[in-house]
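Mind the numbering: the sequence shown is residues 1 to 629 in the numbering used here, read in order. Yeah, the Cβ is synthetic: ideal placement off N, Cα and C, and Gly gets one too. In this text the structure is predicted, and so the values were computed from the model without any measurement.
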Amino acid sequence: MSIEEKGSISIHTENIFPIIKKFLYSDNEIFLRELVSNAVDAVQKIKRLAALGQYNGELGEPLVEVALDEEKKTITISDNGLGMTAEEIKKYINQVAFSGASEFVEKFKDAKDANEIIGKFGLGFYSAFMVADLVEIQTLSYQDGAEPAKWTCDGSTSYEISEGSRTTRGTDIILHINSESEEFLSKQKLGEILDKYGKFLPVPIKFGTTTEQEPDGEDEEGKPKTKSVEADNIINTTNPIWTKAPADLSDQDYLDFYKQLYPFSEDPLFWIHLNVDYPFNLTGVLYFPKVKNDFDMQRNKIKLFSRQVFITDEVKDIVPEFLMLLHGVIDSPDIPLNVSRSFLQADSNVKKINSYITKKVADKLQELFNKDRKGYEEKWSDIGLFVKYGMVSEEKFYDKAKDFALLTNTKNENYTLDEYREKVKDFQTDKNGQVVYIYTNDPAKQDSFIQSANKKDYDVLLMNSPIDNHFISSLEHKLEKTSLKRVDSSVASKLIEKDESTESVLTEEQSKTVKEVFEKAITKPGMHVEVVGLNPEELPVTVTMDEFMRRMKDMAQMGGGMGFYGNMPDNYKVAINGNHKLISRILKSENEEEQKTLAKQAVDLALLAQGMLTGAELTEFVSRSVELI
1 MSIEEKGSIS
11 IHTENIFPII
21 KKFLYSDNEI
31 FLRELVSNAV
41 DAVQKIKRLA
51 ALGQYNGELG
61 EPLVEVALDE
71 EKKTITISDN
81 GLGMTAEEIK
91 KYINQVAFSG
101 ASEFVEKFKD
111 AKDANEIIGK
121 FGLGFYSAFM
131 VADLVEIQTL
141 SYQDGAEPAK
151 WTCDGSTSYE
161 ISEGSRTTRG
171 TDIILHINSE
181 SEEFLSKQKL
191 GEILDKYGKF
201 LPVPIKFGTT
211 TEQEPDGEDE
221 EGKPKTKSVE
231 ADNIINTTNP
241 IWTKAPADLS
251 DQDYLDFYKQ
261 LYPFSEDPLF
271 WIHLNVDYPF
281 NLTGVLYFPK
291 VKNDFDMQRN
301 KIKLFSRQVF
311 ITDEVKDIVP
321 EFLMLLHGVI
331 DSPDIPLNVS
341 RSFLQADSNV
351 KKINSYITKK
361 VADKLQELFN
371 KDRKGYEEKW
381 SDIGLFVKYG
391 MVSEEKFYDK
401 AKDFALLTNT
411 KNENYTLDEY
421 REKVKDFQTD
431 KNGQVVYIYT
441 NDPAKQDSFI
451 QSANKKDYDV
461 LLMNSPIDNH
471 FISSLEHKLE
481 KTSLKRVDSS
491 VASKLIEKDE
501 STESVLTEEQ
511 SKTVKEVFEK
521 AITKPGMHVE
531 VVGLNPEELP
541 VTVTMDEFMR
551 RMKDMAQMGG
561 GMGFYGNMPD
571 NYKVAINGNH
581 KLISRILKSE
591 NEEEQKTLAK
601 QAVDLALLAQ
611 GMLTGAELTE
621 FVSRSVELI
C-alpha cells in the first residue's frame, strides 16, 4: 500500500523555529544529545515490550549508530528500536512539534514532568532544526504488518509523508546540515559531543567514522587486495559503576572510574555511593578529592545525568554549596529539567536531594571518624576545608559535624570540639568565665608569640585555612562562653585577662619618661605606646593589633561588607615591657641620642617579628644593628 501525504501547518506556527532555536535550547550542540537519547529510548522500549511479552520478534543486539557523510553534508542517527508508523509520525512529530508556537510554549511551561514531554518523540527531535535545513525520517514500526514510512520537512510550515525505504525495524533520522552549522560536519567535533553526552548511555552507541582495511583476495598481478570496512567503534560504557550495587564493586573499580572521569587527578581520599529510590530516585558516586588549602573553588566537577544521559555540570541547586568541591556523578530521573534538559529548576525534589546528600556526607564522615580515628586525622588537612565550610554555611550539617570536626594545635595534636574545651578550660578561662581559644594563622611568622603563649602553658590552635576567618566567628557564635584570640593580638600575659598581674618596677615618672622616649623614636603612623608590667623574660617591645579591629579589617579585605573598617588606617599597640633590663638601660643613659637609638632598635625588632619591617626601614635597621655590634 502506498503512503503519500503532503500537509501544511497552521499559520500561527511560522515563528516556532526561532522560538526553538533561541528560547528552548541554550546550546546548539545538544541536538545530537536529544536525537541520540530518543534513539536510546526507542531501543529500551522495544526491549521492555519484549520482556512483557508484547513483542515476539527477533530483538537483535541493541544498537544506536551515528554516521557522518561529509560529502553529502549529512548526519544520520539510526536505531533498531520501536520504529513508527505513518500515523505515529503524524501524532508525535506533526501534532506535538507543530501544534502552534504559543500552545507549544504553554505545554512546556506548565508541564509537571518536563522530562516526560522530552521523552515523547517530539521536542527532542525538534532540536534537529537548529542545525539542519532539511530533516528526513526513515522508519519501520515493530507492529505486525507495518509498512516503512518517510517524513521530510525543510523547516518551513510544510511537511511530506510518503512510503519509506527502511527494511528493518527502527528509525533513521537524516539531518541535512545547514551552512551556518557546518562545524558539525567534523568527525572530531561529533566525537567530542558524543563523548560529552553519551559516554555512559545504557545502549551501545556506534560512531561510524573510522574504517579498517581487510584482505580481499589478490589482483591480476597476484598482489593482495584490501577493502574498506567500517570498524566497530562503540564510544560508551553502558553499565557505569553508579548503576551497580556497592557490594559488587571493589575499591579499584571506584578508583578506575575516577581516573576515567578525571584522568590527571591524584587518587581521591574516599567516596560515597548514593543509592535511594524513595521518596525520589537518585544514584551516583561522590568523591572527596585532595584539596589541601586550595580554595580556588574547583567547581563544576560533579556531573549530573538523567537516566545515564549527561545533562550539566552546573549542580549548585542539587549539591549544597559547601560540597561543590566534591567530584563525581549524580543521576536522577526525578530532577526537574526544562525542555532543553540544560537548566535545573528549584522544586521540592531538588531540596530533598540536597538534604539527602548533606546527610549522606555527614554520615560517611562520622563513620570514618568512629571506625578509624587515626586514619581520619591523617586525612583532616584535606577534608577539614569541606567540614568547616559546611559548618559555617549549613545549620543541619553543623549539628552533625560538631562531633567529628577537629581542632589542630601547633603541636599537630587533634581534638574534637568537646575534647578541646576540656583540655584548655582550666588554664585558659578569663576572669569573666570566658574560655579563650588562642590561635595562629601563620605559625612561622608568629613563632615568637606562640613561644610566649606556650611559656604560660597556653595552647595555640592552627587556623590557617582560607575558611578559618568565618569558622572562628561561627565557633564564637555557637560555643557557649567562648572567645578566640589570635596569638599576636596582645602580649601573652594580656591574651587572657586574669585577676593576677605582674607589677611594673617603674615609677609613674619613669614610665612617663620611657613613653616619651619611645614616642620620639617611632616614625610609623598609627602606633600607640603603653608601658606595661610583664615578665622580665618577655621581649622588651611587642607590637600588636587589637583582635576585633584586625578581624574587621580581614573581613573587609575578603569582601565581607565591612567597608568602613577596610578604609580605616591601621592602629597598633606598642607594649613596652617596663620590667625588661633594656628599659633600665635606657633610663640610666644620659645620652638622648643613645636612648633614641636603643628604643628605635627595640621597636624595629618588634616590627620585624610581625613582618612589618620592609624596604628602607629594614635596610636602616640592618645598618644600625651592625653599628651596635
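By alpha-carbon distance to lysine 73, the top candidate from Leu618, Val36 and Ile174 is Ile174. With contacts defined as CB atoms closer than 8 Å, leucine 194 and isoleucine 234 fail to qualify as a contacting pair. Leaving aside the five residues that flank tryptophan 271 on each side, the residues in its chain whose CB is nearer than 8 Å to its CB run, in chain order, Tyr254, Tyr258, Val285, Leu286, Tyr287, Phe288 and Gly328. Secondary structure note for methionine 391: its alpha helix (DSSP H) is the uninterrupted segment 373-393. For the set Ser156, Val131 and Lys206, the Cα lying nearest the Cα of asparagine 178 is the one of Val131.
In this chain, the alpha helix (DSSP H) harbouring phenylalanine 257 covers 251-261. In the DSSP assignment, alanine 575 falls within the beta strand (DSSP E) that extends over 572-577. Excluding its 5 nearest sequence neighbours in each direction, histidine 528 has C-beta neighbours in its own chain below 8 Å: Asn571, Tyr572, Lys573 and Val574, listed in chain order. If only uninterrupted beta strand (DSSP E) runs of at least 3 residues are considered, those enclosed by the stretch 483-549 are 527-532 and 541-544. In the three-state DSSP reduction, phenylalanine 404 falls in the coil class, being neither helix nor strand. By the criterion of a C-beta distance shorter than 6 Å, threonine 408 is surrounded in its chain by Asn414 and Leu462, once the five residues flanking it on both sides are discounted. Per DSSP, reduced to three states, the secondary structure at serine 78 is strand. Proximity to threonine 283 across Leu269, Arg307 and Ser265 peaks at Arg307, based on C-alpha coordinates. When Cβ pairs closer than 8 Å are counted between the two stretches, the stretch 510-523 is seen not to touch the stretch 441-454, the count staying below three. Fully contained in the stretch 425-472 are the following beta strand (DSSP E) runs of length 3 or more, in chain order: 435-440 and 460-462.
Straight-line measurement puts the Cα of threonine 416 at about 25 Å from the Cα of glutamate 497.
Look at the beta carbons and you see the stretch 356-373 not touching the stretch 432-450: under three pairs across the two are nearer than 8 Å.
Taking lysine 481 as the centre and dropping the five residues before and after it, the same chain places the C-beta of Gly433, Gln434 and Val435 closer than 8 Å to its C-beta, in chain order. Here glycine 170 is bridged, per DSSP, to Leu140.
In the three-state DSSP reduction, glycine 57 falls in the coil class, being neither helix nor strand.
Leucine 534 is a Cβ neighbour of asparagine 579, given a cutoff of 8 Å. About 5 Å separates the CB atoms of glutamate 65 and lysine 206; that is less than 8 Å, so the two are in contact. Taken through DSSP and simplified to helix, strand or coil, leucine 282 comes out as strand. Residue environment: glutamine 601 is assigned as buried (16 or more neighbouring CB atoms within 10 Å of its CB, all protein chains considered). Annotated three-state conformation of asparagine 409 is strand, per DSSP. One thing to note: threonine 171 has its Cβ no nearer than 8 Å to the Cβ of aspartate 41.
In the three-state scheme derived from DSSP, where H, G and I count as helix and E and B as strand, serine 158 is classed as strand. Residue pairing from DSSP places lysine 6 in a beta bridge opposite Glu160. Residues of the same chain with a CB within less than 8 Å of the CB of lysine 596, apart from the 5 flanking positions on each side, are Val517, Lys520 and Ala521 in chain order. For serine 490, the closest alpha carbon among the candidates Ile450, Leu201, Ile472 and Lys478 is that of Ile450. Residue pairing of glycine 328 in beta bridges, as defined by DSSP: Leu286 and Ile302. With 16 or more other Cβ atoms from the protein chains shown falling within 10 Å of its own Cβ, alanine 606 counts as buried.
It is roughly 14 Å from the alpha-carbon of phenylalanine 404 to the alpha-carbon of aspartate 382.
Note on proline 320: 16 or more other CB atoms within 10 angstroms of its CB, so buried under the neighbour-count rule.
Following the DSSP letters along the chain, one finds glycine 208 inside the beta strand (DSSP E) bounded by residues 205-208.
Sixteen is the threshold: when 16 or more other Cβ atoms of the shown chains lie within 10 Å of the Cβ of glycine 390, as they do, the residue is buried.
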